[in-house]
Amino acid sequence: MPTVTVETGRIREACEHARDELGFDVCVDVVATDYLDWGGEGVSGYIGTASGRDLMHPMTQGLQALPEVKPKRFSVSYHLLALRRGAPRARLQCWVDEGEHVPSVVPVWPTCDWHEREQFDLMGIVFDGHPNLERLLMPEDWEGHPLRKDYPIGGEPVRFSDEQ
Amino acid sequence: MADKQPTRLRDYGLQSERLLWPTKGPSRFEEELGLEEMERALGLTTLEKAVRWAQTKSMWPDTFGLACCAIEMMSIVSARYDIARFGMEAFRSSPRQADLLIVSGRVAHKMAAPLRQIYDQMLEPKWVIAMGVCASSGGMFNNYTILQGVDRIVPVDIYVPFCPPRPEALMEGIIRLHEAHQAGVPPAYERVGVAT
Amino acid sequence: MSATVTPTTTYEGTRIPSRVPTILDVPEELRASEEVLQVNFGPNHPSTHGVLRLIVDLHGEEVVGVSAVVGYLHTGFEKSMESKTYWKCVTFPERIDYVGYQNNELVFVLAVEQLLELEVPTKAKWMRMLLCELNRIHSHLVFLGTSALELGAISMFWYCFRERETILDLSELVTGQRMHTRYFQVGGLAEDIPQGFYPECRKFVEWMPRALDDYKGILDRNEIWLERTQGIGVLSAQDAVALGQSGPNLRASGVDWDLRRDQPYLHYEQVDFRVPVYPNGDVYDRYRVRMDEMAESTNIVRQCLDRLERMEGAPWIADDRKVVLPPREELHTSMESLIHHFKIVTEGFRVPEGEIYVAVESPRGESGCYLVSDGGPKPWRVHFRAPSFVALEATATCLHHALVADLIAVVGSLDAVMGDTDR
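Protein chains in written order, with the numbering used here: chain A, 1261 to 1424; chain B, 799 to 994; chain C, 9 to 431.
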């Protein structure tokens, strides 16, 4: 699936262009990803592929390699689909830092309403121009954005056998 | 009712006119029934046992299906794992008419308040079955959003494990609840107190 | 597309409400009236959709405003999966859409396999197809049973659940577990297909068309059913596409789109099946689409059985020991197998860095998995595109001039499973 990186301020234009000129009628999904601490650990060891080790890929030799550096902390990906034979799909991606706002694409595809609300709720990314940006999945008075990497998973410690 | 060997009435330790006055002749009622038959045909019980028996045989559940366990709960109503044989096929939608709350599924913190509200709206005597591991202890979801066991907010009588419990497992839980209640075990809110 | 793009977010020419696409606002003239009553269709209500909360404004019997509150079943799947290795992760996606559980397993496993570029043996693909189609029948049976139950056709519930028990028996025969089977693993199937499955499945396939005829006999031309479902909750094709609908909801609105045919995965290009499309977009058409899909799925299962019966003894999981657990007999004799087993169980296999989005046609629509891997043994980010989440966005559009009874019919026909919506 081709991934196109778009400047954050112009994402709505890009979406309109994708919908009108390129024929991507449906916005399937809006996902935000938090890349805090990305690349902190080396990606070493054997990467299993069906074809075995490949001399052209250093990672399959057990050497330490670091994943490619990401431009900013959060990426917001819009997955698009065209309802044509062959199902062409595309991903528009824009990058934001903490506190940066993203223009909302609800005028372009009404379905993004709840998707953007969910990403605001769970990741804390604010979408400008969204008609109803409130928490969707967490209770309204919840503090924090659970899917961020610096938010703990929560829960409680499980007591095994004779631990205190 | 009486599930003991037929014994004489005097073995029950009763103080009735018939026993204290051995020379009293039989009454009209006793003559019609037949003297010897009567002692074998009578059953003795206490009012509490009789009431518990009635409660056991028609304990109506409340529709509190949350997640996957709700689908298995629906299948005990279906014809194969027929729960109508226990008098429980009438799932009441209103908690005010229900006796049994089967919490089937994972309870998120957002849902905890409605759950407690529903429990409070039920009238005594009321029982709670925590169906599935998610309701019993949080299950496989040990995270920020799932209540780690529904017994944090409501007192639970029976915990049914598995994910999701087979309909037979849920029936076993229900039958054990019936047996416990019949034997005189008080509902959970009297034993563990109202949860904080 | 008829949605105009202006900063005031109006959708002229569509039935999508203007201010917020997912909220039907009470019209101006009624707002100050004292006759509008706000009612809470709380999270615990008798129609067995799970924990959906609708805040409904009623003017007499007519619904003039609706807004949905979801999140009562938010389970934090995505966060939980970030802390588990890939082999152990498979138990999580099944519980998302708990009625169509095989498709969630499938989409996650396909995403991991595509990132790994792992070849899956043919037998595993055919068996996956068979189980997914059985699961589709299962899901539509639950839909039919519960929706008909809500509209008053109570006997449908028992008929549908009778067939459902047969499907769950088949599932238990193969995997040992009725629901949430954890049978699909990265590389193929967790275990071989046991003896005795094919004849049982054949029996089911022979029986199912007769059961479908029974259901059609009860509902298809039943006057009360027709009155309550025809013309109710109309969703036009343009609105459906604008609202991101997929699956039966989209096909009932006249858009001919099915991922199994248009973006084939597994071996769907090798089986013959028809894709039912109906033009009106009302509740009745959605019911018809699902009924026809059950018949088509039975057909697909029969074709899968024909192929699988010739594949006795074929491998059911990929042979790559760096990713797939070795067979237990080998652990007694081979040191390498022991080491592989140990590494996979303790540390987990590593998936190359990358991001991928894979979609399959689940009974509710397009179910997708967006997976970002950092090259380690645990996923960095997993996101599931839930078709029920998107289906619920269409409630406001479907409910213009609807009565309370229609509200129940519409919410039932959109077939939203709350585990899928809230994840």
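Note that CB positions come from ideal geometry on N, CA and C, so glycine has one too. Since the model is a prediction, treat every value here as computed from it, not as a measurement.
Let me know the secondary structure DSSP gives Met929 of chain B once reduced to three states. strand
Is it the case that the Cβ atoms of Leu274 of chain C and Cys140 of chain C are separated by a distance below 9 Å? yes
Can you confirm whether the segment 366 to 385 of chain C touches the segment 1267 to 1279 of chain A when touching is taken to mean that 3 or more C-beta pairs between the two stretches lie within less than 8 Å? no
Counting only C-beta atoms, is Arg99 of chain C closer than 9 Å to chain A at any point? According to the sequence as given, residue 99 of chain C is Thr; it is not Arg. Thr99 of chain C does not count as touching chain A.
How about Gly196 of chain C and Trp324 of chain C: do their beta carbons lie closer than 9 Å? yes
Interface residues of chain C facing Ile1339 of chain A [CB-CB closer than 8 Å]: The residue you asked about is not Ile; residue 1339 of chain A is His in the sequence shown. The contacting residues are Tyr365, Gly376, Tyr378 and Arg393.
Residue from B:Ala978, B:Leu945, B:Pro820 and B:Phe884 whose Cα sits closest to the Cα of Val901 of chain B: B:Leu945
Is the distance from the Cβ of Ser396 of chain C to the Cβ of Thr354 of chain C below 9 Å? no
With a threshold of 9 Å between beta-carbons, can Val297 of chain C be considered close to chain A, or not? no
Nearest-angstrom Cβ-Cβ length linking Ser421 of chain C and Val263 of chain C, presumed shorter than 8 Å: Actually they are not in contact, since the Cβ atoms of Ser421 of chain C and Val263 of chain C sit about 16 Å apart, beyond 8 Å.
Which chain B residues are close to Trp95 of chain C, counting only those with a beta carbon under 8 Å from its beta carbon? The contacting residues do not exist; Trp95 of chain C stays about 15 Å from chain B at best.
Assuming Asn940 of chain B and Lys87 of chain C are in contact, meaning their beta carbons sit under 8 Å apart, how far apart are those beta carbons, in whole angstroms? In fact, because the Cβ distance is near 11 Å, the residues do not count as touching under 8 Å.
Just list the residues that DSSP pairs Arg890 of chain B with in beta bridges. B:Asp860
Please determine, among C:Gly356, C:Arg190, C:Gly204 and C:His67, the residue with the shortest C-alpha to C-alpha distance to Glu320 of chain C. C:Gly204
Stretch pair the segment 1286 to 1298 of chain A + the segment 1338 to 1349 of chain A: three plus CB contacts closer than 8 Å: yes
What is the rounded straight-line gap between the Cα of Trp134 of chain C and the Cα of Glu127 of chain C? 14 Å
Does Val47 of chain C pass the burial test, meaning 16 or more other C-beta atoms within 10 Å, or should it be called exposed? exposed
Between the segment 866 to 881 of chain B and the segment 908 to 921 of chain B, do three or more beta carbon pairs fall short of 8 Å? no
Taking 9 Å as the threshold (beta carbon to beta carbon), is Gly903 of chain B in contact with chain A? no
By the criterion of Cβ-Cβ separation under 8 Å, what are the contact partners of Tyr1000 of chain B in chain A? The displayed coordinates of chain B run from 799 to 994. Any statement about residue 1000 of chain B would go beyond what the structure contains.
For a cutoff of 9 Å on Cβ pairs, would you count Ser935 of chain B as touching chain C? no
Terminal residues of the continuous beta strand (DSSP E) containing Arg1349 of chain A? Arg1349 to Val1356
If you draw a straight line from the C-alpha of Trp858 of chain B to the C-alpha of Met938 of chain B, how long is it? 29 Å
Could you give the DSSP three-state label for Thr130 of chain C: helix, strand or coil? helix
Contact set between Ser91 of chain C and chain A, taken where Cβ atoms lie within less than 8 Å: Ile1413
Can you have a look at Asp1381 of chain A and say buried or exposed, based on whether 16 or more other CB atoms are within 10 angstroms of its CB? buried
Determine the closest residue to Ile908 of chain B out of C:Pro51, C:Asp177, C:Val74 and C:Leu159, with distance taken between C-alpha atoms. Going by the sequence as given, residue 908 of chain B is Lys instead of Ile. Considering only alpha carbons, the answer is C:Pro51.
Tell me whether the segment 19 to 35 of chain C and the segment 890 to 901 of chain B touch, counting them as touching only if at least three CB pairs, one residue from each stretch, are closer than 8 Å. no
Does the separation of the CB atoms of Gly58 of chain C and Leu1397 of chain A fall below 9 Å? no
Hey, could you find the ends of the beta strand (DSSP E) Ser63 of chain C is sitting in? One detail in the question is off: residue 63 of chain C reads as Ile in this sequence, not Ser. First-last of the beta strand (DSSP E) with Ile63 of chain C: Arg61 to His67.
Interface positions of the segment 263 to 276 of chain C facing chain A (Cβ-Cβ less than 8 Å), listed along the chain: Val263, Trp265, Leu267, Asp270 and Gln271
State the start and end residues of the unbroken alpha helix (DSSP H) segment that holds His976 of chain B. Pro965 to Ala981
Under DSSP, the beta strand (DSSP E) around Ile364 of chain C begins and ends at which residues? Gly362 to Ser370
Per DSSP, cross-strand counterpart(s) of Tyr378 of chain C: C:Tyr365 and C:His391
Considering only the alpha carbon of each residue, which of C:His67, C:Ile24 and C:Phe116 lies closest to Leu124 of chain C? C:Phe116
Inter-residue CB distance, Asp1294 of chain A and Leu1393 of chain A (contact presumed, cutoff 8 Å): That belief does not hold up - the Cβ atoms of Asp1294 of chain A and Leu1393 of chain A are roughly 19 Å apart, past 8 Å.
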